[in-house]
Every structure is written in C-alpha cells, then in structure tokens.
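Reviewing the structure listed below.
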Amino acid sequence: ANTTSPSLKAQDLAAKVGSLAGVSSRAALFPVVGVALNLKHVNIKGGGNSGAGGTAALSTVSLTQPVFNYASYQNWRSGVWSSKSSMTTFNYQNQQFMVNVANAYFDILQAQESLDYRLAAKKSYYFTLSQTKEKMKVAVDTRTTLCAPFGGGVLCSSG
9 ANTTSPSLKA QDLAAKVGSL AGVSSRAALF PVVGVALNLK HVNIKGGGNS GAGGTAALST
69 VSLTQPVFNY ASYQNWRSGV WSSKSSMTTF NYQNQQFMVN VANAYFDILQ AQESLDYRLA
129 AKKSYYFTLS QTKEKMKVAV DTRTTLCAPF GGGVLCSSG
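To get the numbering used here, take the position in the sequence shown, counting from 1, and add 8.
Given below as structure tokens:
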C-alpha cells in the first residue's frame, strides 16, 4: 500500500513482517535444492605376477551445498521488511521531532509577543496614571491659588 503517513506505512510494514512468520513455518514442505559433488579414489596394489594377494583402498569425499532454501529466503524477506519498518519508524520519529521543535519555537515567539504586549500595556497604564496624578496636582494647586485671595466664596465651597 502506498501511503503518505509514516505511521500508516510503519503499520503496513509491521503487518507484512508478521505475515511472513506463518509462511516460514510451512518452509518444511518445500524441498531444499542442492548440488552434491562426490570424489572417489581407488588404489589397488597387486602381489606381483602370480596374481595372489592384494590390497584395495577406497576413499570418498562428498560435498553438498543448498542452492535454494525456502526457510532462509523467508527469513531474508522478513529481515528486509523489518529493516524497512525500522527506517520508516525512524523517519516518522524524526519528522515528529522537527514538528515538536517548530511548535516549541512558535510557542516561544507567541509568549515573547504576549510579554512584550503586556509590558507595553503596563508602561501605558503607568504613563496614564502619572498624567492623571499631575492633572490632579495642578487642579488642587489651582483651586488653592484661586480660593485663597477671595476667602472662599462660591468657587471654593466644598459641596
């Protein structure tokens, strides 16, 4: 199955590896094809012209090499699928790591922006507070200055 999601691809390859386990148990039903080589050496020693007595030496060497073994083939295929599954899992983890790093970076940028906004708002509130205090101070000074020469009156009544 051609998939674009690494997790789905990893699941597909893991399923293929698992499916090979049942097939390799049937490997005993398939013959092992091989090549055999037999060498035979015969050495006969005679007892002269009389024809009496003699010894014979016989030696045989046999070599067998399997050409095709189904169980080994299935183990190899299982190893190939397992390797592909591991590589896909590694690539998926690598992608997830990069996504997590990018998300962390963007979270830091957003937190920095929020902090800058709050610091600017605090500075603005402090500036507004200091302006209001100055206006109150000027208003109190003006009232005191105006009320003192007239000895009170309508402008200076506190009510």
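Even glycine gets a Cβ: it sits at the ideal position worked out from N, Cα and C.
- Apart from the 5 residues on each side of it in sequence, K130 has no Cβ closer than 7 Å to any other Cβ in its chain.
- A distance below 8 Å separates the beta carbons of T96 and A18.
- Under the three-state reduction of DSSP, N83 is assigned to helix.
- In the displayed model, N77 falls within coil according to three-state DSSP, outside both helix and strand.
- Contact annotation, S15 with Y134: C-beta distance approximately 52 Å; criterion of less than 8 Å not satisfied.
- Listed in chain order, the non-local C-beta contacts of A128 below 7 Å within the same chain number zero, local neighbours out to five positions each way being set aside.
- Put simply, the backbone Cα of Q139 is about 40 Å away from that of A112.
- Cα atoms of R85 and M106: separation of roughly 32 Å, rounded to the nearest angstrom.
- The C-beta of Q82 has 16 or more other C-beta atoms within 10 Å across all chains shown, which makes the residue buried.
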